[in-house]
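One structure is given below, encoded as C-alpha cells.
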Amino acid sequence: MTPPRTHPGPLLGRDVEQRQVAELLAAARDGRGAALLITGDAGIGKTALLEAATAARAGFRVLRVHGYEAESTMPFAAVHRLMIALRGHVGSLPPRQQRALRVATGAEDGPPPDRFLVGLGVLGLLAAAGAAAPVVCAVDDAHLLDAESVDALALVARRLEAEPVVVAFAARDEPGLAGRLDGVPVLRLSGLPAEAAARLLASALGGPIDPVAAARIAAATGGNPLALVDLATDLSVRELTETSVFDEPVPVGRRLEAFYLRQVRRAPSDLQRWLLLAAVDSTGNLALVRAAAARLGLAGVAGDEPDLAGLVEIEPALRFRHPLMRSATYAGAAGPDRRRTHQALSAAADGSGLVEIAAWHAAKAVIGVDAGVADRLEAVANRAGQRGGFRSRASLLTQAAGLTPPGPVKDGRLVMAAEAALAAGAAGLAEQLMGEVTDAALDPAARGRLITVRVNHAFFTADPAVLRSPAEMLAAADAFHGRDPAAEQHALIKAFGHTVTVDRLGSSVPLAELGRRMTAGAALDDGVAATILRALGAYVLRPYREAVPAMRAALGSIDRLGPAELLRFGPVGVAVAAALWDETAMRRCLERTEAAARDLGSVYLLDAILWLRSLAALRTETPRVAQRHADQARALRRAMGYETASSLNVALLAWSGHPRRQVEAIIDRARETGFGAVFASGDGGLAVQDLAAGQYGAAYARLKPLVDEPFLQATPLDYPDFVEAAARAGHLAEAEACTAGLEAIAAATARPGRAARRTAAGPWCPATITPRRITPPRSRRTPRPSWRSTSAGPTCSTASGCAGCGGAGTPVNRYGARWRSSTTVTRPRSPSAPATSWRPAANHRAPRRRRVTA
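Residue numbering for the sequence shown follows the numbering used here, beginning at 822 and increasing consecutively.
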C-alpha cells in the first residue's frame, strides 16, 4: 500500500501558531527562556507543529522526548532519556542535584529523590547546554510521560527566565495533565479553517477535488489534518466526490481507527503479528521488540520492508506514525493474540533485567486474578516507592489489587495504594481506591489504616469531616490495640495533632479524655512515641509548670530523629516547641521536617509543613518569610494539579492589607470546614490590623473569645496582643491577668539561672505598661508611636509590642513577627489618629534576593 501523501511545504492554516512558536524561539536566542503547551485532539497537528517549528533552526540544539505508555508508571523514565543527551553537563550541577538525578534514573542507589531537586537538576542541565547554543526541548505525547517526569519538566517550564531554553510540550487533552502543567502557557489547536482544509485535501490527493465535496469533508472531519490525509490515501477522488451527496457521515473519529486497521489487515500475516507486537510494546525499544519477536517466531520479519514505511518508523526509535494506528492495531487484535504478545514481551524484558516492564506486561497477559503476578506488581511498586515514585506506586498497587482475589490481601493493597496516592497528592485517586475497599471484610489493623487514610484525605481536601478527625483517630487506635502497639501510639499522636488543627471547633473528644488516652498509650511500648505521648498527656492533664520537663524530653527525642522518623513525628514536634515557646527549636524542627518530606517524596506532608512554616514565620520571623513559605505551598499545590491550597495563612492576608471582607469570608469558610486553627489565626490577624488602626475596642472584642476559651498552646500566643488591646481599651484587670499568665509561662520555661535575671528585671508590657503595674493610656487618640516599648524594661520587637522579655527560653524571646520586612506593610490608622509611618528597627537587615540552587 502506498504511504500517505503529506504536504511537503509549510503547514497549511497554521500561520498564527507558527508565529507564536517562532517568537518563543527568537526570545530564547536573546537569552529569555519560555515554555509552551500545545494541546488538541489526536491528529490535529501538534506533532507537525512541533516538527515544523524546530526543523532547520540554525544555531539551535533540538532535544526530543517522547512519551510511551509502558513507561508511564516508571518513575523518571523520560528524565532518564533526556539525561542521556545531556550527560556531558551533569558535572556542572551542584552535588545534591547530581545525586538526585542519578538516584532518580537508577544510576545510583539512595533514598527517594526530591522531585523538585530533580527538576532543578534538569533545569541546570538545559541551562548548561544553552551556554553553547540555544536549546529547544520538544516533548511529544506528554500525556504518556510518567508522572514524576511530568512534574520535573513542569517545574523546569515554570522557572525558565534567563536561560536560552524553550520547552515545548505536545499532548492530547487528557484530564489532569493541564493542571499538572499549570502555569505553562497553552496553545490549543483546533481544526483547520475550511479553505486550508480543502487545500490540504487536494494536496494529499495530488489532484483537484470538487469544492462542495471538499467543504463537506472538511466540515465532517472538523478540519483534522491527519484525518484529511488519511481519507485522501484510502479513498479515490471519485469516492471522495461522491460523499458530497451521500447521507451517511464521512468516516471520522472512531471510524478513523477502522481505516488504520484496514491498512494493517492488508499486510502479510507475519507482518500483522509484528505490528501487534510493536503496538503492545509502545516503548520504542527496538531491541526489546526484536527479542520478543524471536520468542514468537517472528525474527527477521521487520527490516526495511516498504510496507512498514506507511505504518511505523524504525529509527531512531520504534514508533507508529500516529497513535490511532497503534490503537487500531491493538484493539483490532483478538484477546488471545494480545495476551500471547504481552507474555512474549514480559519474558523478553525479564531476560534483559527490565523488571518493571516485565511485571507490567505480565499483568496485561492475565485473565481474572493471579496472585503471583500481583505479588510481582507489589514488589515493583515498592521499588517505585523507594525512588520517590508514589504516584507510580499507587498505579501499580491498583493493578495488583485488581489481580488479587477478594479478601484481606486485596483490600490491604487497595489501602496501600490509597496511602501512596495521597502521599503523592493524588487525592481523587485515593478517594476512588478507598471506595473500593470492603470495610466489613477488613481485619481490625487494616481498618485502622483505612481510617487513618480517610482522615488524612479529609485534611488534604479541606473536607468538613475534619471535625470528627480526633474521634476517628481514637477509633483507629482502638483498632490497632493489642495488634500493633506502634501504630496505636502513632494514631494517638495523630489524634492530638488533629485536635490542634480543629482547635476550639472540635467537640467529639474532650481534652481530658484525649489526655488520659495518650498517657495510657505511653505505656504500650518504649521509644520516641512513648516519650511524646507522656509529654502530651502531661501537657493536657497537669499544670503547665509540671508538664514542661516532659515536653522538653520529648522535644529532645524528636531532635535526634532521622528523616524517615521525622515524617511521623516532626509535626507534633512543632506543636511541642510552640507550647514551650522555644522559637529556635520550632524553626529547627520545621526546617528538618520539610527537608525530610522533600528528600523522601512525601508531598502530603510537605504541603502541611509549608503551611505551618508560613504560620510560624509570621510570629517568629517576618511577613516576607511567611509569604515566601505561603508561595511555596501554593506552587506545590499547583504542581499537584490543585488550583488553590487547602489552607491559607489568613493572618498573613490580614497583615498584608487584603480587603477585610475577603479575609472575614475566608475565616468563615475555615470555621465551616472545621479548620479551627485557621479560623483562630485569622481572627488574631484581624485583631493586629485593628491594633495598627488604633481600633483597640474592636481588637479587644475580637481577641476576648479566644482568651476566654483557652486552648492548649494556641491561646497564650494571643496574650501579648490581648494585653495591649485590653489596656488601651480600658480593661486593665484583664490585661494584668494575661500579663501574669505570661510571667508564669516565662518562669516555667526559663533556663536555669535565667529566670532570676528575668524576675529581677520585672515583667514588661507595651508602651504604657510599666513594670509591676499597668497604667491606662493618656488618650485613645494618642497614636501608636512605634512597635517598641518606652518603659524601663527591655526592648520588645514583637508585632504587638508586648511580652515579658527575658531572652531565649521565655515567651518573649523575640516572639511575634517583627514586621521587619523589606516589603511594604500597610498599617491602617483610625480616622482620629494622625498619620504615622513604621520603620524597621535600626539593626534590621532586609533579606537579600538570592538564587536558590539547592
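Every residue gets a Cβ at the ideal spot worked out from N, C-alpha and C, and that includes glycine. Fair warning: this is a prediction, and the values are worked out from it, not measured in the lab.
Sequence-distant residues of its chain with Cβ nearer than 7 angstroms to residue i (five each side left out)
i, result
"Ala1569", "Tyr1365, Arg1366, Val1369"
"Arg835", "Gly866, Leu870"
"Ala1170", "Leu1109, Ile1178, Ala1179, His1182"
"Ser1502", "Leu1436, Val1471, Ala1472"
Sub-9 angstroms separation of residue i and residue j beta-carbons
i, j, result
"Arg1087", "Ala1165", "no"
"Ala1221", "Glu1252", "no"
"Ala992", "Ala1015", "no"
"Ala856", "Ala1039", "no"
"Ala1239", "Val1201", "no"
"Leu944", "Glu984", "yes"
"Ala1475", "Tyr1517", "no"
"Ile1135", "Arg1160", "no"
"Arg1147", "Leu1119", "no"
"Leu1224", "Val1190", "yes"
"Ala1053", "Ala1025", "yes"
"Asn1045", "Leu1008", "no"
"Leu1357", "Val1393", "yes"
"Asp1420", "Pro915", "no"
"Gln1310", "Ala1266", "no"
"Ala989", "Ile859", "yes"
"Ala954", "Pro934", "no"
Residue of the options minimising C-alpha distance to residue i
i, options, result
"Asn1470", "Arg1434, Ala1359, Glu1442, Leu1427", "Arg1434"
"Ala1520", "Ala1508, Ala1514, Asp1529, Pro1526", "Ala1508"
"Glu1293", "Arg1455, Gly1327, Val911", "Gly1327"
"Ala1286", "Glu1493, Asp862, Ala1048, Ser1502", "Glu1493"
"Phe1317", "His1302, His887, Ala1350, Gly1028", "Ala1350"
"Ala959", "Arg1413, Asn1045, Leu1218, Ala869", "Ala869"
"Ala1535", "Gly852, Tyr1360, Asp1452", "Tyr1360"
"Ala1261", "Thr1282, Asp1232, Phe1281, Leu1254", "Asp1232"
"Ala1561", "Thr1352, Thr1340, Phe1543", "Phe1543"
"Ala1385", "Ala1398, Leu1218, Gly1506, Thr1414", "Thr1414"
"Leu938", "Leu1431, Val924, Gly951, Glu929", "Val924"
"Glu929", "Asp935, Arg936, Gln919", "Gln919"
"Ala1279", "Phe1496, Ala975, Leu846, Val1397", "Phe1496"
Own chain, CB closer than 8 angstroms to residue i, minus 5 neighbours either side, in chain order
i, result
"Ala906", "Leu884"
"Asp1511", "Tyr1517, Ala1519, Ala1520, Arg1523, Ala1546"
"Pro1330", "Note on identity: in this sequence residue 1330 is Val, with Pro being the wrong assignment. The answer, listed in chain order, is Pro1291, Ala1292, Leu1295, Ala1316, Thr1320."
Close beta carbons around residue i, own chain, < 6 angstroms, minus the five adjacent residues each side
i, result
"Met895", "Asp967, Glu1177"
"Ser1423", "Ala1244, Leu1388"
"Ala1035", "Ala1019, Leu1022"
"Thr1580", "Below a pLDDT of 50, predicted positions are generally treated as unreliable, and Thr1580, at 34, falls in that range; the measurement from the model is reported next regardless. For Thr1580, where only same-chain residues beyond five positions count, there are no Cβ hits under 6 angstroms."
"Phe1500", "Ile1488, Ala1491, Arg1492"
"Ala1112", "Ala1169"
"Gly1153", "Leu1082"
"Glu1530", "Arg1325"
Simplified DSSP assignment, three categories, for residue i
i, result
"Gln841", "helix"
"Gly861", "strand"
"Glu1134", "strand"
"Ala1343", "coil"
"Asp962", "coil"
"His887", "strand"
"Phe881", "coil"
"Arg835", "coil"
"Val1187", "coil"
"Phe1500", "helix"
"Thr827", "Unreliable placement is indicated for Thr827, whose pLDDT of 40 sits below 50; the coordinate value is still reported in the next sentence. Thr827 falls in the coil class under three-state DSSP."
"Phe1141", "strand"
"Ala991", "strand"
"Val956", "strand"
"Ala925", "helix"
"Arg1204", "helix"
"Ala1009", "Residue identity check: residue 1009 is Arg in the sequence provided, not Ala. Three-state DSSP puts Arg1009 in a strand."
"Val1176", "helix"
"Val1258", "coil"
"Ala1571", "coil"
Can you give, in chain order, each stretch of the alpha helix (DSSP H) that sits fully within the stretch 1294–1325 and has at least 4 residues?
-> If we require 4 residues or more, the alpha helix (DSSP H) runs fully inside the stretch 1294–1325 come out as 1306–1323.
Alpha helix (DSSP H) runs contained entirely in the stretch 1327–1405, provided each spans 4 or more residues | Counting only runs that start and end inside the stretch 1327–1405, the alpha helix (DSSP H) elements of at least 4 residues fall at 1332–1342, 1349–1362, 1365–1380, 1384–1400.
Enumerate, from N- to C-terminal direction, the unbroken alpha helix (DSSP H) stretches of 4 or more residues contained entirely within the stretch 1430–1462.
-> Runs found: 1444–1461.
Beta strand (DSSP E) runs contained entirely in the stretch 1506–1546, provided each spans 3 or more residues = List check, beta strand (DSSP E) in window: nothing returned.
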